[in-house]
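Okay, so here's the structure we're looking at.
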Amino acid sequence: MSSDCTATPVRFSCGSAAPRAVLPNGACDCHMHVYDSRYPAAAGARLLPPDASVSDYRALQRRIGTTRTVLVTPSTYGADNRSMLLGLEALGPQARGVAVLDGSEGEAELERLHALGVRGVRLNLSLGVTGTAASILPLAHRIAPLGWHLQLLMPADLLVTLGPVLHRVPVPLVFDHFGRIAPDAIGHAPHTLLLDLLQSARAWIKLSGGYLVSTQRTVEDPALDALAASYLRCAPDRVLWGSDWPHATASAGVQPMPDDARQIDRLHDWMQQASVPPRRVLVDNPQALYGFSPL
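So the number in this note's numbering is just where the residue sits in the sequence shown, counting from 1, plus 19.
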């Protein structure tokens, strides 16, 4: 963790002030992880962050004002979903889960995961150690009867080559971390493909991890404005937001530890620029995708 963040009130988050923007009731953080060293890292995992608990995360919720949560099994654990499920149980009915599958799961296991609140499966082709691009269609057909979505993370060059496959996927697609599109790639083939998938209502995009695609390695990067606005203007009912807490890449030294209150305020900058109401991105869209109870 960055040395200037060790005394802040929320672990794995810089700063101490609340966001300037006040979030609507029921605002959802659609992308976070929990880490627990009781569960071993998968062979080949590249991110090995410190433990980050639900108790730690609740402090972040109090600071930024979110009440709903989507927990995602991180690449660290491969297809071991126990840490995510433990967090899902602790957060209760205001939480949903996105699991990782290795293909060996039977129908009973999928039904069990659904009953526990899982509503999607992630295939991480950037840092993951489970699954390949060839898994996309078989995995999608497997989860279609459950009404789940397929969440994808991959390099932009791979995204382009998979365009024909992605148009045939029988479940909703969710692209996290701005689709891994760099701000200077606006209008290029990967960005155009994502806009097409969004506009055709085949996909959703998470405005999470902006610091991962920024050349400045920070969500403060003004170059992110046009990229975020391109998604918001293309399909305002298909855009989500996630904190990416506890920022495992920051713990690994890839970029500075983010200030999550500033992440909220930057999201509000983007929504204002695109004339999209905060409730749509933070409440209505997560409710539609993850099946939260209507407010």
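Heads up, the beta-carbon is just placed ideally off N, CA and C, and yes, glycines get one too.
Rounded to whole angstroms, what's the CA-CA distance from L216 to I224? Just pull it up for me. Mapped onto the sequence shown, residue 216 falls at position 197. Mapped onto the sequence shown, residue 224 falls at position 205. CA-to-CA, the gap between L216 and I224 works out to about 10 Å.
What do you reckon, are the CB atoms on L90 and M103 nearer than 8 Å? As a working mapping, residue 90 is identified with position 71 in the sequence shown. As a working mapping, residue 103 is identified with position 84 in the sequence shown. Against a cut-off of 8 Å, the Cβ pair of M103 and L90 comes out as a contact.
Would you mind reading off the limits of the beta strand (DSSP E) that contains A293? Taking the first residue of the sequence shown as position 1, residue 293 is located at position 274. Premise fails: A293 is in no beta strand (DSSP E) and is neither H nor E.
Using 8 Å as the threshold, is the C-beta distance between Y250 and V238 below it? In the sequence shown, the residue the question calls residue 250 occupies position 231. In the sequence shown, the residue the question calls residue 238 occupies position 219. No.
Length at least 3, wholly inside the stretch 102-148: the beta strand (DSSP E) runs in chain order: For the stretch 102-148, whole beta strand (DSSP E) runs of length 3 or above, ordered along the chain, are 114-118, 137-143.
Can you list, in chain order, the residues of its chain whose CB lies under 8 Å from that of P191, leaving out five sequence neighbours each side? The sequence position of residue 191 within the sequence shown is 172, counting from 1. Answer for P191: H168, L169, R221, A222, W223, L308, listed in chain order.
Cβ-Cβ separation, V302 to P43 (assumed contact under 8 Å), whole Å: Taking the first residue of the sequence shown as 1, we reach residue 43 at position 24. Taking the first residue of the sequence shown as 1, we reach residue 302 at position 283. Between V302 and P43 the Cβ distance is about 5 Å, and since that is below 8 Å, they are a contact.
Quick one: Cα of P275 to Cα of R236, how far? Here the question's residue 275 lines up with position 256 in the sequence shown. Here the question's residue 236 lines up with position 217 in the sequence shown. Rounded to the nearest angstrom, the two C-alpha atoms are 7 Å apart.
Counting pairs of beta carbons, one from the stretch 41-60 and one from the stretch 92-99, are three or more of them closer than 8 Å? Yes, the stretch 41-60 touches the stretch 92-99.
May I have the straight-line CA-CA distance separating V137 from G116, to the nearest angstrom? One-based indexing of the sequence shown puts residue 137 at position 118. One-based indexing of the sequence shown puts residue 116 at position 97. Taking the Cα positions, V137 is about 4 Å away from G116.
At the level of alpha carbons, what is the spacing between A127 and H160? Within the sequence shown, numbered from 1, the residue matching residue 127 stands at position 108. Within the sequence shown, numbered from 1, the residue matching residue 160 stands at position 141. Spanning the two alpha carbons is a distance of roughly 16 Å.
Per DSSP, which residues does W223 bridge with? Please list them. Walking along the sequence shown from the start, residue 223 turns up at place 204. Bridge partners of W223: V193.
Check the C-beta distance from V295 over to P255 and give it rounded, since I have them as a contact under 8 Å. Position 276 of the sequence shown, counted from the first residue, corresponds to residue 295. Position 236 of the sequence shown, counted from the first residue, corresponds to residue 255. About 5 Å separates the beta carbons of V295 and P255, which is inside the 8 Å limit, making them a contact pair.
Exposed unless 16 or more other CB atoms sit within 10 angstroms - verdict on L129: For the purposes of this step, residue 129 is identified with residue 110 of the sequence shown, where counting begins at 1. Buried is the call here.
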